[in-house]
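Asker:
Chains as they are written, first to last, in my numbering: chain R, 341 to 494; chain C, 7 to 158.
(1) Where does residue 439 (chain R) land, buried or exposed, given buried means 16+ other C-beta within 10 angstroms?
(2) Pop quiz: residue 37 (chain C) and residue 90 (chain C) are said to be a contact at Cβ under 8 Å. What is the actual Cβ separation, rounded to whole angstroms?
(3) Could you check the C-alpha separation between residue 489 (chain R) and residue 392 (chain R) for me, to the nearest Å?
(4) Can at least three beta-carbon pairs, one atom from the stretch 447-456 of chain R and one from the stretch 346-365 of chain R, be found at a separation below 8 Å?
(5) Could you please give the first and the last residue of the uninterrupted beta strand (DSSP E) stretch that includes residue 384 (chain R)?
(6) Take the Cβ of residue 141 (chain C) as the centre, count every other Cβ of all protein chains shown within 10 Å, and call the residue buried at 16 or more, exposed below.
(7) Just list the beta strand (DSSP E) runs in the stretch 7-66 of chain C, keeping only unbroken ones of 3 residues or longer that don't cross its boundaries, in chain order.
(8) Does DSSP classify residue 378 (chain R) as helix, strand or coil?
(9) Could you please give the first and the last residue of the uninterrupted alpha helix (DSSP H) stretch that includes residue 99 (chain C)?
(10) In whole angstroms, give me the CA-to-CA distance for residue 25 (chain C) and residue 79 (chain C).
(11) Can you give me the start and stop residues for the alpha helix (DSSP H) that residue 479 (chain R) sits inside?
(12) Nearest to residue 9 (chain C) by CA position, among C:102, C:48, C:55, is which residue?
(13) Quick check: the stretch 466-479 of chain R against the stretch 366-379 of chain R, are there 3 or more CB pairs under 8 Å?
(14) With a cut-off of 8 Å, does the C-beta of residue 460 (chain R) fall near any C-beta of chain C?
(15) Between the C-alpha atoms of residue 117 (chain C) and residue 358 (chain R), what's the straight-line distance to the nearest angstrom?
(16) Based on DSSP bridge pairs, tell me the residues matched to residue 109 (chain C).
(17) So what does DSSP say about residue 422 (chain R), is it helix, strand or coil?
(18) Would you kindly work out how many angstroms separate the C-alpha atoms of residue 134 (chain C) and residue 127 (chain C), rounded to a whole number?
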């Protein structure tokens with residue numbers, strides 16, 4: 341019932357911060373291989389992640405909160421991934437997108453591919469698939485939001 | 007399968023010219039005079055006994071492709087950088103991954119891998135058990151290492 345009287349919400353400062361943080365995750369524009377195409381689709385109109393507050397893909401790691409590692413991490417790229425991650429300000433989060441990033445995928449017997457980006461940087465959410473659908477990545481971002489808010493992610 | 011010099015037609019209708027290593031430069035020179043002024047790519051095939059080097063040429067005037075194949079038993083082939091400038095990086099890539107040495111190349115260094123990488127990964131005799139890792143030093147130069155604690 342609308343009465344026109346101002347409402348009142350009581351919460352802790354922590355909870356308010358977590359709520360704000362989880363609804364303004366700005367990802368880094370960072371695509372390494374074919375998973376980047378699906379990452380672009382996530383930003384486009386069909387499954388629009390702006391609905392969850394992640395609309396702006398920042399071009400600078402200094403302005404972003406989330407690194408979506410989208411695509412095969414080669415050994416040559418690994419030091420660059422680490423450097424970009426180090427340049428991001430705290431609090432920072434990482435989503436490992438695709439099976440190559442999780443454990444090497446089809447290149448697991450190759451000479452040039454890092455067997456999982458979690459050997460280089462800490463990962464918060466793993467999104468499996470080859471490549472994962474845009475819906476799967478959206479689910480991954482929403483799982484990360486739940487994780488930031490301290491909710492049960494199961 | 008032995009390598010026989012001669013001409014044949016590929017499955018896609020392209021002319022394949024197989025030449026000996028000694029006749030490679032003269033064949034490519036005459037093809038360039040005929041109008042094949044674009045070197046599309048250079049590839050290498052490891053046949054265990056010998057290495058096959060394949061040149062794909064394209065003519066913009068007549069819009070046709072021609073493939074020139076040659077073999078080398080000691081991984082050495084003459085460079086074609088003086089005919090096509092784009093052969094520079096193609097030959098560096100071949101040297102990097104297949105270990106083919108192009109004689110007369112102005113700057114034969116590795117193109118993709120760090121300079122101190124051991125072996126050539128696309129060769130059949132490359133040892134996959136010796137895993138190598140890559141790290142970056144303070145100047146931003148890559149280096150390869152066998153120590154898993156030093157690189158990735």
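A virtual CB, placed ideally from N, CA and C, is assigned to each residue, including glycine.
Answerer: So, to answer that:
(1) buried
(2) With 8 Å as the limit, residue 37 (chain C) and residue 90 (chain C) do not qualify as a contact, their Cβ atoms being about 11 Å apart.
(3) 14 Å
(4) no
(5) Neither: residue 384 (chain R) is in no beta strand (DSSP E) and is coded neither H nor E.
(6) buried
(7) 12-15, 21-24, 44-52, 57-65
(8) helix
(9) 93-104
(10) 14 Å
(11) 474-488
(12) C:55
(13) yes
(14) yes
(15) 47 Å
(16) C:84
(17) helix
(18) 8 Å
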